[in-house]
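Residue numbers (our numbering): 129 to 531. Here the structure is laid out as C-alpha cells; the discussion comes afterwards.
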C-alpha cells in the first residue's frame, strides 16, 4: 500500500467517527427539542458545532439551533400566559436571541447552490412566525428602559429596527409600513446617550431625527455629543438647526449666544437675539441678553432703555441693575476722555454718575458677594459725587479685598 493511499485511508477513518458524532449531536438535540427537555443543552451543543469552520454552512445545525432557542422562548411565554413565576428580562433576552438565530439560518438558507441558484426553503415560514413576535422586541426595549438597563434596551430596539433591512423579512416591507421604527430610533439615541456611547448615538441620529415628536430631544443630545467630541462644526450646525426650529426653547439660544460671545462676534450675537425677539418680543431672557450685547457693543443708551423696561416689570435679576449702572458710568468716562472742561460737560458727567448710583447700590444689595463687580464702580461714583462717608466705607472695603 502506497503512502498516499494510506494517508487517504487514515483521513477517511478519522472523518467517519467525526461525522457520526456530529449527526448524533444534532439528533440528540432534536430529540430534546421534541420532548422540550434540556433545551439549553441542545442550544449549547449546536453553538459548539458552529465554532468549527467546517460546519459553518451546515443548515441542519442552524435549523436545530433556531428551533432550540424558539422552544425556550415558547416555554417562557407559556409561563407568562399561565401567570407563573417568570424573569421578564430572560423572556425578552431569549426573544432577541431567537431573532438572531433565525436571521443566521436565513443567511445560510439564501446561499446559492452550485449552479448559482437561490431557493430559500425556510424563509417564508420563519418570517411569518417571527412577524407575530416582532412587536415584543420593541416592548422589550421599553421594559429595559424603565429598568434603566440601557444596554439591553439598545440591543432590543436595534434588533427591532434591523428587521427592516433583513432579507428574511423582505416580504413584510417594514421600512415602508412600520410607524414605530422612527420611535425606536429615538429610543436607541436616548439609550446610547445614557451609555455615553457617541458612536451609537451618531449611528441612529438620522433615523431618530425623522421622528417629529422627539426631534428636538435628539437635537439636544446631538449638541452635547458634538460638544464632548469637540466637533465645533457639527455643534454649531445642530445649535442653529434647533434654534431655527424652536425659538421658544432657550437651550439652543443660550448656547449660540454664549459661543459667539466668547468669540467676541457681537454682531452675530445681536442678530441671533433680534431674531429671537422677533418671535417673542416680551421674553425676559432675550431682553436681558440684548442689554448685555448692547453694553458690550458700547450702545449704552439703548442698553439702559432695555434695562428700565425690564425693571418696570419688577424683574429683579441683579445684572439688570449692573448693566444699567455700568452703562451710565461708561457714558461719563467717554465724556471725560474728550477733555472738554466746560461747565455743561462737567455737569453732564456728574449727572451720569448720579444716575448710575441707585442702580449700582441696588446691585450691591442684591448681589453682596459680587464685590469685584460693584466695589470699583461705587468707588468712582462716590469719589466723583464727593460723598465722603460712603467713599471712605468703600475705600476701606477695597483695601481689605486687595490684602
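Beta carbons are placed, not taken as given, at the ideal position from N, Cα and C, and that holds for glycine. Note that the coordinates shown come from a computational prediction; the quantities given were computed from them, not determined experimentally.
- By the neighbour-count definition (other C-beta atoms within 10 Å, threshold 16), residue 529 is an exposed residue.
- Taking 8 Å as the upper bound for CB-CB distance, residue 357 and residue 312 are not in contact here, some 24 Å apart.
- Apart from the 5 residues on each side of it in sequence, residue 463 sits with its Cβ closer than 7 Å to the Cβ of 473, 476, 477 in its chain, given in chain order.
- The beta carbon of residue 452 lies closer than 6 Å to those of 432, 435, 487 in the same chain, with the five residues before and after it left out.
- Unbroken beta strand (DSSP E) runs of no fewer than 3 residues, entirely contained in the stretch 158-220, are not found.
- Residue 441 sits in coil when the DSSP states are folded into three classes, being neither helix nor strand.
- A direct Cα-Cα distance of roughly 20 Å separates residue 281 from residue 348.
- For residue 340, there is no enclosing alpha helix (DSSP H), since its DSSP letter is neither H nor E.
- Within a 10 Å sphere around the beta-carbon of residue 250 sit 16 or more other beta-carbons, which makes this residue buried.
- The stretch 387-404 and the stretch 442-456 do not touch, with fewer than three beta-carbon pairs separated by less than 8 Å.
- Burial state of residue 346 is buried, judged by a 10 Å Cβ sphere holding 16 or more other Cβ atoms.
- The stretch 289-303 and the stretch 250-262 touch, with no fewer than 3 CB-CB distances between them shorter than 8 Å.
- Under the three-state reduction of DSSP output, residue 531 falls in the coil class, being neither helix nor strand.
- Secondary structure of residue 310 (DSSP, three-state): helix.
- In this structure, the straight-line span from the alpha carbon of residue 283 to that of residue 266 is close to 10 Å.
- At the C-beta level, residue 174 and residue 200 stay beyond 8 Å of one another.
- If you compare the alpha carbons of 197, 270, 160, 233 with that of residue 183, the shortest gap goes to 233.
- Residue 344 places its beta carbon 8 Å or farther from that of residue 378.
- When the alpha-carbon of residue 340 is set against those of 351, 202, 307, 439, the nearest one is in 307.
- Its chain contains 328, 329 as the residues whose beta carbon lies nearer than 6 Å to that of residue 320, once the 5 sequence neighbours on both sides are disregarded; these appear in chain order.
- Collapsing the DSSP output to three states places residue 240 in coil.
- Within 10 angstroms of the beta-carbon of residue 231 lie 16 or more other beta-carbons, which makes it buried.
- Under the criterion of beta carbons closer than 8 Å, residue 214 and residue 207 qualify as touching, at roughly 5 Å.
- By the Cβ neighbour-count rule, residue 421 is buried, with 16 or more other Cβ atoms within 10 Å of its own.
- Here the C-alpha atom of residue 427 lies approximately 9 Å from the C-alpha atom of residue 419.
- For residue 158, the CB contacts under 7 Å within the same chain, skipping 5 residues up- and downstream, are 192 in chain order.
- Straight-line measurement puts the Cα of residue 336 at about 8 Å from the Cα of residue 342.
- Here residue 505 has 453, 454, 457, 484, 488 as same chain residues with Cβ atoms under 8 Å from its own Cβ, once five neighbours each way along the sequence are excluded.
- In this structure residue 351 is not in contact with residue 361, their Cβ atoms being roughly 13 Å apart against a cut-off of 8 Å.
- Shown here for residue 238: same chain residues with a beta carbon closer than 8 Å to its own, the five before and five after excluded, namely 246, 248, 251, 295 in chain order.
- DSSP places residue 269 in the uninterrupted alpha helix (DSSP H) bounded by 262-274.
- Residue environment for residue 171: buried (at least 16 other C-beta atoms within 10 angstroms of its C-beta).
- Judged by DSSP in its simplified three-state form, residue 234 adopts helix.
- For the 8 Å CB-CB criterion, residue 187 and residue 178 do not form a contact.
- For the 8 Å CB-CB criterion, residue 512 and residue 481 form a contact.
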